[in-house]
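J.: Have a look at the structure that comes next, please.
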Amino acid sequence: MASTITADVRTESSTATRPQRKRHSPYPLWFYLPAAILFIVLFAVPTFASFYFSLTRWTLSETEFIGLDNFRQFFSEPFLLQGFINTFVYAFFTSGAKVVLGLLLGLLLTSRIIARGYLRSVVFFPVLVSTIGVGITFKILMDPFDGLINKTLAVFGIAGPGWLTNPDLALYSVALIDIWKGVGIATLIYIAGLVGIPQEYYEAAKVDGASKWKNFWHITLPLVMPATATVILLSLIGGLRSFELIWATTGGGPGFASDVIGSLIYKQYQAGFYGLSTAGNVVLFVVVAAVIVPINIFLSRREVAS
Amino acid sequence: MKREKTLGWIIGILAVLASVVVFLVPFAFILVIAAKTAPEAANLDFTWPSQWVLWDNIRTVLTTRNFIVLRAFINSTTLTVFSVGIMVVVSAMVGYVLQRRRSRWNALVNFLVLAGLIVPPALVPTIWVLEGVGLFRTMLGLILVEVAFGISFCILLFRAFIATIPRDLDEAAIIDGAGPARLFFRVIFPLLKSVIVTVVIVQSVAIFNDFANPLYFLPGDENATVQLTVFNFQSQFSTQYNLLFADILLITIPPLLLYLFLNRRIVEGVTAGAVKG
Chain A
13 MASTITADVR TESSTATRPQ RKRHSPYPLW FYLPAAILFI VLFAVPTFAS
63 FYFSLTRWTL SETEFIGLDN FRQFFSEPFL LQGFINTFVY AFFTSGAKVV
113 LGLLLGLLLT SRIIARGYLR SVVFFPVLVS TIGVGITFKI LMDPFDGLIN
163 KTLAVFGIAG PGWLTNPDLA LYSVALIDIW KGVGIATLIY IAGLVGIPQE
213 YYEAAKVDGA SKWKNFWHIT LPLVMPATAT VILLSLIGGL RSFELIWATT
263 GGGPGFASDV IGSLIYKQYQ AGFYGLSTAG NVVLFVVVAA VIVPINIFLS
313 RREVAS
Chain B
65 MKREKTLGWI IGILAVLASV VVFLVPFAFI LVIAAKTAPE AANLDFTWPS
115 QWVLWDNIRT VLTTRNFIVL RAFINSTTLT VFSVGIMVVV SAMVGYVLQR
165 RRSRWNALVN FLVLAGLIVP PALVPTIWVL EGVGLFRTML GLILVEVAFG
215 ISFCILLFRA FIATIPRDLD EAAIIDGAGP ARLFFRVIFP LLKSVIVTVV
265 IVQSVAIFND FANPLYFLPG DENATVQLTV FNFQSQFSTQ YNLLFADILL
315 ITIPPLLLYL FLNRRIVEGV TAGAVKG
């Protein structure tokens, strides 16, 4: 469906070169106005203002220009630096897992197995559930002593770890919950991509006697590349910006072990360090741009090439 | 062929079993804890409640602290309905002109739409702007913020869909003497029904479940949305897990109902939106 839409856009724009009626276009530019006002006032202005405020000590009523001090502090305080690094770890771990699991589930749910409809529904449902609800539920399921997960492991004689209380593990445990909640979207995107691969390729490969593994490696994987690009971009954008799930499960703890930039922004805001909080916002902006833009260029180039 | 069929059965059964453990048990857990009495819920066992008191728990949650959860539901509904309503109209207008008219603004608008999808909102400066216009800590302020953060996604969906509506229709209406506003609101807008349904569903779920924006832009108990009440109950009800989970159950019901009735629509919307984005 999506590919037909893009095709239509293309033909549309190539035939749309007819001369414009100069004065009374039936498509007036003032249609942009309501959206533009909201977007500029509540999104663009704050974004530009953030560059200035990140250079100040700021209490909403008063600002004092302090140059790059906030950024210096951001990269010298160990707990702030930790949050910066955690953001990357979290985003790349969840993104990678969603690509792999999403593709596997996509393959499974497009193959000939029973209960496909049920499985698709059940994998997708957590996407729609509130992040806070999921976070609190898993916080209790992952409780080191009373949690269902460790109680179940104990039945098999395994001493479960302190999922969210062990500083070395907490960030990854939250990432696991994120994957649980978000893998449904990745799966759906892969299903759409896999269904779109023309059967002729597989038939031709069958004539040539290609093995299943070769089919996957040389047909499925390259042709499902647009879906992979979408999953990578979406999950990286979401992962780098994550805040809610971490806030609902660990609150950045224990200590600062699972803080990310998103939670640091909120903590600094709560503590009244508005300048530092905004500097965190600018750092996040730069991180997202620095990760997403090159990947986007790389992936769209590969798509054109293949 | 026969071997493949049995294999399909075996893998299918294994997948169903795994899905029950991984995806259904957490939801069943919410339900059984929410149906228990407080002392029984305290040990967090995944067992059938000896006394089924789900309705009592839900009633307690709704009436506790002077009906805060009930009011939160009203707040969340207000927020969702108005945000999504405004978003649909203003972004359909943009998507329409953006698709139909070639002007020097196109490049800029396309760039801003993309930026709106990727750039994380600057939170404290947004509070600063809201204070400046007198909308901080107001429902209207939060509604407008949700619209501003959500329109990029909607514009993409509308633009793609409007590309499939033939221009002949516009021309016929123009010949019949329709002005721009009439052409859009009377002729084009009604044809957008299916994409409007998609936008409404996707954005309703997103805004109803939103936690971060209400946390920043509409703090305070009297304005709390349902997500905030659940979060706050975490500390309040730390000894009454049955009530905490009854509240979680309550906020899970709206998306569940939506999913049961509009499964196909949601799936379409999410994939279309994702692939476009």
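In order, the protein sequences belong to chains A and B. Sequential numbering of the first sequence, starting at 13, is according to this note's numbering. Sequential numbering of the second sequence, starting at 65, is according to this note's numbering. We put the beta carbon where it would ideally sit given N, CA and C, even for glycine. The model shown is predicted, which means the values in this text are computed figures rather than measured ones.
1) Starting from F249(B), trace the beta strand (DSSP E) both ways and give me its first and last residue.
2) What does W324(A) pair with, by DSSP beta-bridge criteria?
3) Since I323(A) contacts L176(A) with CB under 8 Å, what's their CB separation in whole angstroms?
4) Please look up how many angstroms separate the CB atoms of L307(B) and N121(B), rounded, as I've assumed it's under 8 Å.
5) At 8 Å on the CB atoms, spell out the chain A contacts of S147(B), in chain order.
6) Using CA atoms only, rank isn't needed, just tell me which of F213(B), N296(B), V161(B) is closest to T128(B).
7) Contact between the region 144-151 of chain B and the region 210-222 of chain B: three or more CB pairs below 8 Å?
8) I want to verify the contact list: residues of chain A whose CB lies under 9 Å from the CB of M203(B), in sequence order.
9) Excluding the five sequence neighbours on either side, which residues of its own chain have a C-beta within less than 7 Å of the C-beta of K257(B), listed in chain order?
10) If I measure Cβ to Cβ from A239(A) and keep anything under 6 Å in the same chain, skipping five residues before and after, which residues do I get?
11) Quick one: which chain B residues come within Cβ less than 8 Å of E256(A)?
12) Applying the 10 Å Cβ sphere with the 16-neighbour rule, what's the burial state of I317(B)?
13) Is the beta carbon of G264(A) closer than 8 Å to that of I258(A)?
14) Can you tell me whether A166(A) is buried or exposed? The criterion is at least 16 other CB atoms within 10 Å of its CB, across all chains shown.
15) Taking F137(B) as the reference, which of L320(B), N287(B), V331(B), L324(B) has the closest Cα?
16) By DSSP, does V183(B) sit in helix, in strand, or in coil?
17) If I measure Cβ to Cβ from S114(B) and keep anything under 7 Å in the same chain, skipping five residues before and after, which residues do I get?
18) Considering only their Cβ atoms, is the gap separating L276(A) from L41(A) smaller than 8 Å?
19) Is the CB of Y39(A) under 8 Å away from at least one CB in chain B?
20) Can you tell me which of the three DSSP states V331(B) falls into?
21) Could you tell me whether the Cβ atoms of D155(A) and N107(B) are closer together than 8 Å?
22) Check whether chain B comes within 8 Å of R84(A), counting only Cβ atoms and requiring the distance to be less than that.
23) Pull up the distance between the alpha-carbon of L296(A) and that of Y323(B), whole angstroms please.
24) Which of helix, strand or coil does DSSP assign to R166(B)?
25) Going by the CB atoms, is the gap between I309(A) and L245(A) shorter than 8 Å?
26) In angstroms with no decimal places, state the Cα-to-Cα distance between A227(B) and L220(B).
27) Looking at the unbroken alpha helix (DSSP H) that takes in L276(A), where does it start and where does it end?
28) Should K66(B) go down as buried or exposed, given a rule of 16 or more other Cβ atoms within 10 Å for buried?
29) My output table needs one value for K69(B): the three-state DSSP class, helix, strand or coil.
30) So, helix, strand or coil for G159(A), using DSSP?
31) Is the beta carbon of S107(A) sitting closer than 8 Å to the one on G251(A)?
32) Does the separation of the CB atoms of L233(B) and V251(B) fall below 8 Å?
T.: Taking the structure as given:
1) Counting along the chain, F249(B) falls outside any beta strand (DSSP E), and DSSP gives it neither H nor E.
2) In this structure chain A extends from 13 to 318, so residue 324(A) is not present and cannot be described.
3) This structure cannot speak to residue 323(A), because chain A is shown only from 13 to 318.
4) That belief holds up - the Cβ atoms of L307(B) and N121(B) are roughly 6 Å apart, short of 8 Å.
5) Within 8 Å Cβ-Cβ: nothing; S147(B) doesn't reach chain A, min ~11 Å.
6) The residue from F213(B), N296(B), V161(B) with its alpha-carbon nearest to that of T128(B) is N296(B).
7) Contact between the region 144-151 of chain B and the region 210-222 of chain B is present, because at least three Cβ pairs lie under 8 Å.
8) Simply none; closest approach about 15 Å.
9) Hits under 7 Å: none found.
10) Result list for A239(A): I201, Y202, G205, in chain order.
11) Those are F275, A276, listed as they occur along chain B.
12) I317(B) should be labelled exposed.
13) Yes, Cβ-Cβ distance for I258(A) and G264(A) is below 8 Å.
14) Burial call: exposed.
15) Closest by alpha carbon: N287(B).
16) V183(B) falls in the coil class under three-state DSSP.
17) Taken in chain order, the residues that qualify are E104.
18) L41(A) places its beta carbon 8 Å or farther from that of L276(A).
19) For Y39(A), the answer is yes, since a Cβ of chain B falls inside 8 Å of its Cβ.
20) Of the three classes helix, strand and coil, the one that applies to V331(B) here is helix, per DSSP.
21) Not a contact, by the Cβ cut-off of 8 Å.
22) No, because no Cβ of chain B sits closer than 8 Å to the Cβ of R84(A).
23) L296(A) and Y323(B) have their C-alpha atoms roughly 34 Å apart.
24) Correct three-state label for R166(B): coil.
25) No, Cβ-Cβ distance for L245(A) and I309(A) is not below 8 Å.
26) Within the model, the alpha-carbon separation for A227(B) versus L220(B) is close to 11 Å.
27) Element bounds for L276(A): 273-282.
28) Label assigned to K66(B): exposed.
29) K69(B) falls in the helix class under three-state DSSP.
30) Judged by DSSP in its simplified three-state form, G159(A) adopts coil rather than helix or strand.
31) Going by beta carbons, S107(A) and G251(A) fall inside the 8 Å limit.
32) Yes, Cβ-Cβ distance for L233(B) and V251(B) is below 8 Å.
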